[in-house]
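Participant:
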Amino acid sequence: MSSPDRGRRLINPSPELYERLHFSQACRVGDHIWVSGQVGVDPTTLKPAEGMEAQARLAFDGVRSVLEAAGASLADIVELTTFHTDLRGDMKEFTQVKDACIPDRYPAWTAVGVTQLALPELLVEIRAVAVAGSGIG
Numbered sequence: 028m029s030s031p032d033r034g035r036r037l038i039n040p041s042p043e044l045y046e047r048l049h050f051s052q053a054c055r056v057g058d059h060i061w062v063s064g065q066v067g068v069d070p071t072t073l074k075p076a077e078g079m080e081a082q083a084r085l086a087f088d089g090v091r092s093v094l095e096a097a098g099a100s101l102a103d104i105v106e107l108t109t110f111h112t113d114l115r116g117d118m119k120e121f122t123q124v125k126d127a128c129i130p131d132r133y134p135a136w137t138a139v140g141v142t143q144l145a146l147p148e149l150l151v152e153i154r155a156v157a158v159a160g161s162g163i164g
């Protein structure tokens, strides 16, 4: 029999996404947290922001809010996977935002060029794996 704190906990700071789109924004098992892809959509207008910098900031804000709801922070990210519709063209702007959000103790990172994301205006999607409490120190 497993202990209750070792079971899977669904993290959904925006429960309507869970109900409407049938996915969890994150899952936590023990101290490990898997964050679903976050995109640069403005939470008030529900429209994609203009440009890579604005979209990357909103996507990292989404990752931050999901991690906080799971009891962790951006500093706890151990693996980052990013999906870009213009990988080479947008990398400089994206990296500047990433480095502002995660200024040290960089996680493992894989950047992938893709032809499409969920909405035609989207430029980037960010998913992360974190270990709660690992960013301290």
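Under the numbering used here, think of the first position of the sequence shown as 28, with each following residue one higher.
C-beta: ideal position from N, C-alpha, C; glycine also.
Pairs of beta-carbons, one from the stretch 57-72 and one from the stretch 87-100, closer than 8 Å: are there three or more?
Facilitator: With the cut-off at 8 Å, the stretch 57-72 and the stretch 87-100 touch.
Participant: Count the C-beta pairs between the stretch 69-77 and the stretch 102-115 that are closer than 8 Å, then say yes if the count reaches three, no if not.
Facilitator: No, because fewer than three Cβ pairs between the stretch 69-77 and the stretch 102-115 fall closer than 8 Å, the two stretches do not touch.
Participant: Might you give, ordered along the chain, the residues of its own chain that have their beta carbon closer than 6 Å to the beta carbon of E152, omitting 5 neighbours on each side?
Facilitator: Counting only Cβ-Cβ distances below 6 Å, and skipping sequence neighbours, we find G64, V66, F110 and L144.
Participant: Going by DSSP in three states, P75 sits in which element: helix, strand or coil?
Facilitator: Of the three classes helix, strand and coil, the one that applies to P75 here is strand, per DSSP.
Participant: In the DSSP assignment, what are the bridge partners of A138?
Facilitator: The partner list for A138 (beta bridge, DSSP) reads T109.
Participant: For A135 and K125, I'd like the C-alpha separation in whole angstroms.
Facilitator: In a straight line, the C-alpha of A135 is about 13 Å away from that of K125.
Participant: Which word fits M28, buried or exposed, when buried means at least 16 other C-beta atoms lie within 10 angstroms of its C-beta?
Facilitator: Residue placement at M28 is poorly supported in this model, since its pLDDT is 37, which falls under 50; the coordinates still yield a value, given next. Classification for M28: exposed.
Participant: Please report the straight-line C-alpha distance between T112 and L146, rounded to a whole angstrom.
Facilitator: About 11 Å.
Participant: Just reading off the alpha helix (DSSP H) that A145 is part of, what are its end residues?
Facilitator: Taken as a continuous stretch (DSSP letters only), A145 belongs to no alpha helix (DSSP H), as it is neither H nor E.
Participant: Relative to the C-alpha of D131, which candidate in G162, L149 and G116 has its C-alpha closest?
Facilitator: It is G162 whose Cα lies nearest to the Cα of D131.
Participant: R84 to L48, Cα distance in whole Å?
Facilitator: Approximately 23 Å between the Cα atoms of the pair.
Participant: Would you give the residue range spanned by the alpha helix (DSSP H) that A127 belongs to?
Facilitator: Counting along the chain, the alpha helix (DSSP H) containing A127 begins and ends at L114 to C128.
Participant: Going by DSSP, which residues form a beta bridge with A53?
Facilitator: DSSP output for A53 lists I38 and V62 as bridge partner(s).
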